[in-house]
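Read top to bottom, the protein sequences are chains L and G. Take the first sequence: its position 160, counting from 1, is numbered 160 in the UniProt record's numbering, and each next residue is one higher. Take the second sequence: its position 97, counting from 1, is numbered 97 in the UniProt record's numbering, and each next residue is one higher. The structure appears below as C-alpha cells.
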Amino acid sequence: MDHTRDPCPWVILNDFGGAFAMGAVGGAVWHGIKGFRNSPYGERRIGALTAIKARAPVLGGNFGVWGGLFNAYDCAVKGVRKKEDPWNAIIAGGFTGGSLAVRGGMRSMRNGAISCAVLLAVIEGVSIGFNRMMAGNTKLEAPPMPAQTSEPQVGGGLAIAA
Amino acid sequence: MPVPVGSMPGGQHGPSTLDKLKMGGMMGGSVGLIIGFIFGFTNIIRYGPGPNGMLRTLGQYMLGSAATFGFFMAIGTTIRTESSLIATEAFAKAYRRPMILPRQYQYPRASREEKN
C-alpha cells in the first residue's frame with residue numbers, strides 16, 4: 001500500500017497544487033509555441049509571452065480543479081468503500097466527470113461521467129501493466145558462483161598484518 | 001529534483017529527472033494511444049469517418065492524444081518530488097540490485113575479521 005503520499009484530507013490539497021503546477025508548466029510550453037506560431041513576424045516573441053501570460057494560468061486552473069475534485073471524490077469513495085483498489089479511481093473519475101459537466105444538463109453529465117471513468121480505467125490499467133512489465137525483467141536469480149579462489153579481497157591484507 | 005538519498009533504503013538512489021521524464025512520457029504515451037483508440041472509434045461511429053477515411057482519422061486521433069497525454073504526463077511526473085507512486089515503484093523494480101550478491105562484492109563483515 002501507499003505510504004509515500006499524505007493521508008486522506010491533505011492529499012487533496014497536495015494534488016491540487018501538483019495538478020495546477022503541471023497544467024501551468026505544460027500550458028506555458030504549449031501556449032508559448034502556439035502564440036509564437038500564431039503571431040505575425042516581428043511580434044512573435046511578445047505574442048508568445050502574451051499568450052503564455054493569458055492562457056497558462058487558466059490551463060493550470062482547469063487541471064487543478066480536475067485534480068482536486070478527483071482526489072476529493074477519491075477520498076470520499078475510499079471512506080465509503082473501505083477498500084483500496086482500482087475501482088476507487090474509476091468511480092471517483094465518474095463522479096468528477098459528472099460534476100464538471102453539471103451545467104450542461106443530465107445528458108452531458110452522463111457522457112462526461114462515462115468518458116472520465118473510461119479515462120481513469122485506462123490509466124489504472126496502463127499503470128498496472130507498466131508495473132508488471134518493469135517487474136518482469138528483474139527476476140530473482142542467483143549469480144554464478146565465483147571461481148574457487150583464495151580469500152575475498154576484503155580484509156585479506158589486514159588478516160596477515162594482524 | 002531527484003528523490004533524496006536518505007529516503008531510499010540501502011543507499012539506492014531514486015529516479016533522476018530524466019528517468020522521471022522518460023517514465024512519464026512513456027506512460028502518458030501509452031495511455032494516450034489507448035484513449036485515442038477508444039474515443040476516436042466512438043467518434044467515428046457517431047459522426048462518420050470524414051473525408052480522410054476511417055483508418056487515417058483513427059490514427060490521427062490516437063497519435064494526437066498520445067502526444068498530448070505524453071507531454072503533460074511527462075511534465076507532471078517530473079515536477080513532483082514525491083512523484084506518482086507507480087512510476088517510483090516501477091523504477092525501483094527495474095533498477096533493483098540483485099538480492100544475492102557474489103561474494104567479492106559483499107561488504108566486509110566484522111565477524112570475518114575477528115575469526116582470523
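For each residue, glycine too, the CB sits at the ideal point set by N, CA and C.
Chain L within 8 Å of Ile34 of chain G, Cβ atoms only: Mapped onto the second sequence, residue 34 of chain G falls at position 34. Yes, Ile34 of chain G lies at the interface with chain L (some Cβ there is under 8 Å from its Cβ).
Residue-level contact to chain G via CB, Ala48 of chain L, 8 Å cutoff: Residue 48 of chain L sits at position 48 when you count from the first residue of the first sequence. So, not an interface residue.
Exposure of Leu120 of chain L, with buried meaning 16 or more beta-carbon neighbours within 10 Å: One-based indexing of the first sequence puts residue 120 of chain L at position 120. Looking at its Cβ environment, which holds 16 or more other Cβ atoms inside 10 Å, Leu120 of chain L is buried.
Continuous alpha helix (DSSP H) stretch holding Asn14 of chain L: start and end: Translated into the one-based positions of the first sequence, residue 14 of chain L becomes position 14. DSSP places Asn14 of chain L inside the alpha helix (DSSP H), whose first and last residues are Cys8 to Asn38.
Residue burial classification, Asn38 of chain L (beta-carbon count within 10 angstroms, cutoff 16): The residue labelled residue 38 of chain L in the question sits at position 38 within the first sequence. Under the 10 Å beta carbon count, Asn38 of chain L is surrounded by fewer than 16 other beta carbons and is classified as exposed.
Closer than 7 Å at the beta carbon, the chain G residues around Ile123 of chain L: Position 123 of the first sequence, counted from the start, is the residue given in the question as residue 123 of chain L. What Ile123 of chain L touches in chain G: Val31.
Glu124 of chain L - DSSP class collapsed to helix/strand/coil: Locating residue 124 of chain L in the first sequence gives position 124, where the first residue counts as 1. Here Glu124 of chain L sits in helix by DSSP.
Residue of L:Met109, L:Ala56, L:Ser99 and L:Ala92 minimising C-alpha distance to Met22 of chain L: Your numbering for residue 22 of chain L matches position 22 in the first sequence. Looking at L:Met109, L:Ala56, L:Ser99 and L:Ala92, the one whose alpha-carbon comes closest to that of Met22 of chain L is L:Ala56.
Any C-beta of chain L under 8 Å from that of Met27 of chain G: Against the second sequence, residue 27 of chain G aligns to sequence position 27. Taking Cβ atoms only, chain L reaches closer than 8 Å to Met27 of chain G, which makes this a yes.
C-beta neighbour in chain L for Phe71 of chain G, strict 8 Å: Counting from 1 along the second sequence, the entry for residue 71 of chain G is found at position 71. Yes, because at least one Cβ of chain L sits closer than 8 Å to the Cβ of Phe71 of chain G.
CB contact below 8 Å: Ala56 of chain L versus chain G: Your numbering for residue 56 of chain L matches position 56 in the first sequence. No, no contact with chain G.
With 16 other Cβ atoms within 10 Å as the buried cut-off, status of Asn71 of chain L: Numbered from its first residue, the first sequence carries residue 71 of chain L at position 71. If you draw a 10 Å sphere on the C-beta of Asn71 of chain L, you find 16 or more other C-beta atoms in it, and that means buried.
Cβ distance (whole Å) where Ala19 of chain L is taken to contact Trp66 of chain L below 8 Å: What you label residue 19 of chain L is simply residue 19 of the first sequence in a count that begins at 1. What you label residue 66 of chain L is simply residue 66 of the first sequence in a count that begins at 1. Contact flag correct, Cβ pair sits at about 7 Å.
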